[in-house]
Amino acid sequence: MISSSRPAGLPEVEPLDQTLRVELQHIIDTKTKPPGSLGRLETLARQMGLIQRTTRPTVTRPAMIVFAGDHGIAAEGVSPYPQAVTAQMVANFLAGGAAINALSRVAGIELEVVNAGIATPLPSTVGLIDIPVAAGTRNFSHENAMMREEAFAALQAGAARVRHHAALGTTVIGFGEMGIANTSAAACLMSRLCNVSIDECVGCGTGLDDAGLAKKRSVLAAALGRHPLSADPLDVLATFGGFEIAMMAGAYLAAAEARMTILVDGFIASAALLVADAIAPNVCEYCVFAHASNEAGHRRMLDHFGAVPLLALDMRLGEGSGAALAVPLLRAATAFVNEMASFESAGVANREA
């Protein structure tokens, strides 16, 4: 397990305030239903009440931030897609044609797209938050992906985007990503931060065949061997991460600081959470793990967090797609706790003590 170290200048994350736990549980237990009969919705309602410090939690202006960035490791042939696809998919997001656009619309989510560090120049486009740290990371097969200062700048930039949404009243937020070869970066982060073999972390990503998967494992194992071990999460992030992953990690910290309910997506988003958790371990108390990705390694990552995901739909798209699907469940959790009658108010006899 990597040691926790919070660099100065990043958001402070307090432990979840437990003051209202007993009152929230009483409200949940005295609704017109058998105790515990709404299962995970009851757990969600209690967690959201504790996060928001209220007995009447809400899903207000839910937001999704999709961070996009390119990775120098793509030059090693670890993805079947060319790097230009990152910029092309960002254009698709902005045009409203991607899965995350459709899922955000159906769930009533405010969608934001951020250029965290795309290699291909992008035209100025309405709706794009254009704050690249650099035009893609370096190839961590040969050198660190980022300078430490670049990684820190990306963390701060991600935090700033969350503060923007907090000022607009957002209480629920999720994070997605786009970046060719980012499963390679995420796998190396997982290997170092969870102290597991790279073979347990590497999957097919966007669709590698068996030969491609074997090459990916070999490339990443060799890359890990070239970089010394470090107990500093910022060093690990700078060595293997991407600008979109670093911005997501900073976004997690700021969202927890702002007492938002955070929806955690799949493999890449969980790798960013590994970084945030290593910096500020309390961050996971604010997180709802939306789904179990079909990408190899994600279930092991969920085990690392001790997390039970809400959904398991065999998805492995990224973009925040799994997190978006969980928003209606959060709406349901707040609806029952706010709108459902109690035994006393409905005049319904409760079970005998």
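Quick note: the sequence shown uses the working numbering, first residue 300, plus one each step. C-beta atoms are modelled at their ideal positions from N, C-alpha and C, and glycine is treated no differently.
Look at the stretch 563-592 and you find these whole runs of beta strand (DSSP E), each 3 residues long or longer: 586-588. Judged by DSSP in its simplified three-state form, N494 adopts coil rather than helix or strand. K515 carries a helical assignment under DSSP once its states are collapsed to helix, strand and coil. Shortest Cα-Cα distance from S483 to any of P580, V471, L512 and L421 involves L512. For the set A367, D534, N481 and E442, the Cα lying nearest the Cα of A456 is the one of A367. DSSP places A480 outside both helix and strand once states are collapsed to three, so it counts as coil. The Cβ-Cβ distance between E618 and G416 does not fall below 9 Å. Looking at the DSSP output, L610 shares a beta bridge with H590.
Taking all protein chains shown into account, S423 has fewer than 16 neighbouring C-beta atoms within 10 Å of its C-beta and is therefore exposed. Measuring C-alpha to C-alpha distances from D576 to each of Q346, V626, D429 and L488 identifies L488 as the nearest. E449: member of the alpha helix (DSSP H) spanning R447 to A466, first to last residue.
Residue pairing from DSSP places F474 in a beta bridge opposite I364. Around the beta carbon of A645, fewer than 16 other beta carbons lie within 10 angstroms, which makes this residue exposed. For I561, the beta-bridge partners assigned by DSSP are I472 and C586.
Across the set A623, L315, P310 and V412, the C-alpha of V412 shows the shortest separation from the C-alpha of V389. Here DSSP, grouped into helix, strand and coil, assigns I417 to coil. The three-state reading of DSSP puts E638 in helix, counting H, G and I together. Per DSSP, reduced to three states, the secondary structure at V389 is helical. By the criterion of a C-beta distance shorter than 7 Å, T354 is surrounded in its chain by L319, E322, L323, I326 and G348, once the five residues flanking it on both sides are discounted. Beta bridge pairing from DSSP links D429 with N414. Taken through DSSP and simplified to helix, strand or coil, E409 comes out as strand. Apart from the 5 residues on each side of it in sequence, V358 sits with its Cβ closer than 6 Å to the Cβ of V471, L629, R630 and T633 in its chain, given in chain order.
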